[in-house]
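Some notes on the structure that comes next.
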């Protein structure tokens, strides 16, 4: 979960991956559409396989009813 962050000024405060401005929901959508992790890594070379696992863990915990947003650090502008 440490790979997922929230920045209020990025994507309306939606969860993003390692502050890279890549939304968790975007990666989940690609996986749901049938893209392989390898294809995603090819298209987004700054990502790591662990980032995709973090997206899946985030969505699992959210659907399981955990309060995941309370566990994600909110990054503020300096």
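In the working numbering, the protein residues as written are 999 to 1076. Beta carbons are placed, not taken as given, at the ideal position from N, Cα and C, and that holds for glycine. Nothing here was measured: the structure is a model prediction, and the numbers come from that model.
Query - Residue span of the alpha helix (DSSP H) that contains residue 1086, given as start and end - result: Residue 1086 lies beyond the stretch modelled for the chain, which goes from 999 to 1076, so this question has no answer here.
Query - Limits of the unbroken alpha helix (DSSP H) element including residue 1002 - result: Careful: residue 1002 lies outside any alpha helix (DSSP H), inside the beta strand (DSSP E) at 1002-1004.
Requested in this report: Count the other CB atoms, across all protein chains shown, that sit within 10 Å of the CB of residue 1013; report buried if there are 16 or more and exposed otherwise.
Outcome: buried
Query raised in the report: Looking only at C-alpha atoms, which of 1044, 1021 and 1028 sits nearest to residue 1007?
Result: 1021
Query raised in the report: Between residue 1002 and residue 1019, is the Cβ-Cβ spacing less than 9 Å?
Result: no
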